[in-house]
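Enquirer: First the structure, then my questions, so here it is.
In the working numbering, the protein residues as written are 381 to 584.
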């Protein structure tokens with residue numbers, strides 16, 4: 381099994397987990413062998429990645445963050461169909477107009493190299509706006525982030541959206557998502573999704 385190795389500031393040490401008094405599953409203490417098997421399984425399905433450090437550390441991948449956000453089990457996430465050239469993001473507890481009356485919904489963002497899909501931009505903008513309160517942004521950044529998402533949605537739904545405006549606002553969104561003030565994997569997932577919906581932006 382090949383693992384990608386690169387340093388990540390959000391990496392975690394499995395050894396520290398085992399040393400924690402509360403490292404139990406179903407009432408039984410977790411052994412080093414069991415933890416190794418679990419980590420190997422997650423890495424095999426690209427949900428975590430090994431970091432080349434001493435002691436060994438692991439970090440969650442964008443795919444792993446998507447799995448966590450879905451609210452289901454790891455097995456359910458792994459068993460999902462994976463269409464070509466399509467990236468799937470799961471947002472739980474949706475109360476907006478997307479997939480109405482559904483607890484969870486799936487966003488399929490197909491890479492668009494020839495232009496911008498207004499429908500995908502609308503879905504992106506709504507996801508960004510819903511995520512704003514939980515990104516741990518400073519209050520001023522939350523306001524700016526929400527306003528940018530609202531502008532993107534309004535422009536995309538106008539019937540004749542201006543790609544340059546969407547690109548400009550998307551670039552500002554990416555700047556916030558990639559800034560040090562955003563913590564956790566959700567920011568990375570949203571940045572990757574934004575880059576797919578609005579091709580040509582700086583990479584996440």
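We put the beta carbon where it would ideally sit given N, CA and C, even for glycine.
Can you tell me whether residue 412 is buried or exposed? The criterion is at least 16 other CB atoms within 10 Å of its CB, across all chains shown.
Expert: exposed
Enquirer: Are residue 509 and residue 529 touching if we call contact CB-CB under 8 Å?
Expert: yes
Enquirer: Where do the N-terminal and C-terminal ends of the alpha helix (DSSP H) with residue 574 fall, by residue?
Expert: For residue 574, the enclosing alpha helix (DSSP H) has its first and last residue at 565–577.
Enquirer: Let me make sure I understand the geometry here. Which of 415, 454, 515 and 553 has the alpha-carbon closest to that of residue 426?
Expert: Nearest of 415, 454, 515 and 553 to residue 426, Cα basis: 454.
Enquirer: In its own chain, which residues sit with a C-beta less than 7 Å from the C-beta of residue 428, not counting the 5 before and 5 after it?
Expert: Residues 419, 422, 438, 439, 440, 441 and 444 of the same chain have their beta carbon placed closer than 7 Å to that of residue 428, with the five preceding and five following residues left out of the count.
Enquirer: My guess is that residue 577 and residue 501 are in contact by the Cβ rule of under 8 Å, so how many angstroms apart are they, rounded?
Expert: 6 Å
Enquirer: Would you tell me roughly how many angstroms separate the C-alpha atoms of residue 540 and residue 547, rounded to the nearest one?
Expert: 15 Å
Enquirer: For residue 556, which three-state DSSP category applies?
Expert: helix
Enquirer: Are the beta-carbon atoms belonging to residue 554 and residue 536 less than 8 Å from one another?
Expert: no
Enquirer: For residue 522, which of 567, 415 and 545 has the nearest alpha-carbon?
Expert: 567
Enquirer: Just mark residue 499 as buried or exposed, buried being the case when its beta carbon has 16 or more other beta carbons within 10 Å.
Expert: exposed
Enquirer: Quick check on the burial criterion: 16 or more other C-beta atoms within 10 angstroms. Buried or exposed for residue 556?
Expert: Sixteen is the threshold: when 16 or more other Cβ atoms of the shown chains lie within 10 Å of the Cβ of residue 556, as they do, the residue is buried.
Enquirer: Who are the near neighbours of residue 531 in its chain, counting only those whose CB is closer than 7 Å to its CB and skipping five residues on each side?
Expert: 549
Enquirer: With 16 other CB atoms within 10 Å as the buried threshold, where does residue 424 fall?
Expert: exposed
Enquirer: Can you list, in chain order, the residues of its chain with a C-beta nearer than 6 Å to that of residue 545? Leave out the 5 residues immediately preceding and following it.
Expert: So the qualifying residues of the chain are 535.
Enquirer: Could you give the C-beta distance for residue 525 and residue 512, rounded to a whole number, given that I count them as a contact under 8 Å?
Expert: 5 Å
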